[in-house]
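Heads up: the sequence shown begins at 2 in this note's numbering, then just goes up one per residue.
Just below is one structure, and these are the notes that go with it.
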Amino acid sequence: MSANHRGYSSNFRGRGANRGRYGWRRGPSMPLASPAPSYPPLPLGPEIACIAVAKLAKDDAIPVEKARVSDCQLVASYNWLDKPKPTIIIPGLPPRWNPPSEPPQLKEDSGVFYRDRNASRLPLHPMEPAIESILLTRPSFAAVSSTPIDIVACGSTLGNLLRFTSGDDKAFRMLVNVVGSTVHLIRRENSPKETIDGIRGYGHTFPDAYTTLDREARGSASHQRILGYCFGGLRCLVRHEGDGYLSALAGEAVATRAGPASLAAEESTTVPSGHSPVEDLAASLSTEAISPAIPVDGPLTVKQAGRAIPQRALFDLKTRSVKSIDVDHLAKELPRLYLSQTPNFILAHHRSGVFKKVTIFDVRSRLSEWEAASAEPLGLLAVLLRRVLVLARERHDGRLELTRGEGETAIHVREQTPGLPGVLSSGCEARWKAWLAGDGDDSGIEKKDNAHGPDDEGVELSWVENDDDFTACTESCGYCGYCTY
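Now the structure itself:
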């Protein structure tokens, strides 16, 4: 494996106190594993177009230099809290890597694990927390982009489209909704409560034991991040989940805990030096205490807590048996890490639940190599996204569904079935549409004063060093987030 090692230890010297107590909460809402319920496929709308991968290859080619991620910045972040009513904290905080002094004997995973964490908690509008976090963190559109946003997506929807252009057989469904002129791609399962069956291994108990949630984020269930970047000449906002962060790579943003914190620490190099209004706002969002609920006109409870963690400190984590120690497990994760621009990868090998080989990789060089070798599927992805944009914007209602069956070589473009909710609640959609139109601070959300956090770390474009490198809830249930279709 050619990725650089950030470090390796088989005899950890972490603090280890209260191990697992403040990890992602699985508590009473996560009972012992039982067979996942089976949900029938949702009905399909009429097919109006078909996009064959062979046809994409014949379309106007996207220049190689455009079929890549560039101009990447962290736009916003949030944590889901483990509460009956859907609640997020902004900017939240991922778990901190904090291994125990000696590798403990871990139990295998047990519990209920949802396929879509966002939809399971907010079934009607799973993209709404991401939008609310952007509106609160970046009240001015100009702070994010000088050109219109073309696509809002997540790692799952973009990943499914990339798998399609790469020749992978996996089936998928996603909804397409236009707000203003921006196309939103929303993951769709048979039910927002659909779970992953047959969970085995240590993919959840390991991070509970080897990471710690700092005080301001305790009680969290997951950490979500929204990146802004250009791809194929399109300006994209992409939500993805963060497994954790390495404090050594977060610099003063974690070490000093004094002075203003800022998501604008990862602004592009066109941002002037010194404090901008965006930096001052982001500083006001960093706090150790969870604020009272911020008034928003929608089903979501929004609070302020946490601090901004730069993307360069983020890691993705996988656990595997020591029996597969010679397998290049990183290789198949590269497309996902590329779309989420995650520069660090932790691979932990165990023998019967004891992890004595844990390796932290700096995967930037591997991602650059993958990008160069994947020019064709990335180019096809850019063409595909443009095709979807055209089809969606042509619709009078701005609504479509994309479906692909197992092994099919074409994507079916369909009308949405009647009665589906919009991508956002009405109040949030109105504020989002105004923001997308560049109407300034029209978020309608109060900003918390007198908060504090770590120092601003300066301006950073992204971790890529140069251009050559590469739901069924209603008002009657209070939008509880736990109803099923």
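Glycine included, every Cβ here is placed at the ideal spot set by N, Cα and C.
First and last residue of the uninterrupted beta strand (DSSP E) at residue i
| i | result |
| --- | --- |
| T138 | Not the beta strand (DSSP E): T138 falls in the alpha helix (DSSP H), residues E129 to T138. |
| Y230 | S221 to F232 |
| N1 | Outside the displayed span of the chain (2 to 486) sits residue 1, for which this structure offers no information. |
| E402 | R400 to R405 |
| K56 | Looking at the DSSP string, K56 is not in any beta strand (DSSP E); the run it does join, the alpha helix (DSSP H), is V54 to K59. |
| Y339 | Element bounds for Y339: not the beta strand (DSSP E) but the alpha helix (DSSP H), H330 to S341. |
| S78 | V70 to L82 |
| N345 | N345 to R352 |
| R188 | T183 to R188 |
| T196 | Here T196 belongs to no beta strand (DSSP E), and DSSP marks it neither H nor E. |
| G93 | T88 to G93 |
| T360 | V355 to D363 |
Selection from the options that minimises the alpha carbon distance to residue i
| i | options | result |
| --- | --- | --- |
| I89 | R189, S223, V328 and G420 | S223 |
| R201 | V145, R415, G354 and I326 | G354 |
| T410 | S39, I49, L57 and P47 | L57 |
| D317 | D83, K59, P95 and P64 | P95 |
| I494 | R189, E66 and F356 | A query on residue 494 cannot be resolved here, the shown segment of the chain reaching from 2 to 486 and no further. |
| V389 | L136, D170 and V184 | V184 |
| L125 | C155, R189, R174 and G220 | R189 |
| E48 | G423, W433, R415 and P311 | R415 |
| L136 | R122, V76 and D83 | V76 |
| A435 | P87, A143 and R97 | A143 |
| R321 | P127, Y203 and D169 | Y203 |
| L176 | R164, A314 and S157 | S157 |
| L247 | S182, I295, F207 and F346 | F346 |
| R164 | R139, R405 and G220 | R405 |
Where residue i falls, given that 16 or more other Cβ within 10 Å makes a residue buried
| i | result |
| --- | --- |
| I197 | exposed |
| D117 | buried |
| E402 | buried |
| K194 | buried |
| C51 | exposed |
| V328 | exposed |
| V297 | buried |
| K304 | buried |
| A55 | exposed |
| H397 | exposed |
| P64 | exposed |
Inter-residue Cα distance where the pair is residue i and residue j
| i | j | result |
| --- | --- | --- |
| L340 | L386 | 14 angstroms |
| K108 | H351 | 12 angstroms |
| C429 | E103 | 48 angstroms |
| V359 | Q342 | 22 angstroms |
| S78 | R216 | 17 angstroms |
| L379 | T166 | 8 angstroms |
| G420 | P44 | 12 angstroms |
| L381 | S292 | 45 angstroms |
| R22 | G439 | Note that R22 scores 36 on pLDDT, short of 50, meaning its location in the model is unreliable; the coordinates nonetheless yield the value given after this. For R22 and G439, the distance between alpha carbons rounds to 44 angstroms. |
| A62 | H205 | 42 angstroms |
| G307 | A218 | 6 angstroms |
| R394 | D151 | 11 angstroms |
| A131 | T302 | 13 angstroms |
| S71 | C237 | 10 angstroms |
| I187 | A349 | 32 angstroms |
| A376 | H330 | 22 angstroms |
| P42 | A249 | 46 angstroms |
| K84 | A68 | 41 angstroms |
| F362 | R97 | 16 angstroms |
| A431 | L437 | 10 angstroms |
| R367 | G46 | 41 angstroms |
Alpha helix (DSSP H) segment containing residue i, residue limits
| i | result |
| --- | --- |
| V391 | A376 to E395 |
| G428 | S427 to L437 |
| F165 | G156 to T166 |
| L250 | S248 to A251 |
Reduced DSSP secondary structure (H/G/I, E/B, other) of residue i
| i | result |
| --- | --- |
| R240 | strand |
| L368 | helix |
| S147 | coil |
| F114 | coil |
| P300 | coil |
| D209 | helix |
| D169 | coil |
| P273 | With a pLDDT of 29 at P273, under the threshold of 50, the modelled position of that residue is not reliable, and no figure is offered here. |
| E217 | helix |
| Q417 | coil |
| S325 | helix |
| A373 | helix |
| R308 | coil |
| A314 | helix |
| K108 | coil |
Proximity test, Cβ basis, 7 angstroms: residue i and chain C
| i | result |
| --- | --- |
| T320 | No chain C appears in the structure shown, which is made up of a single protein chain. |
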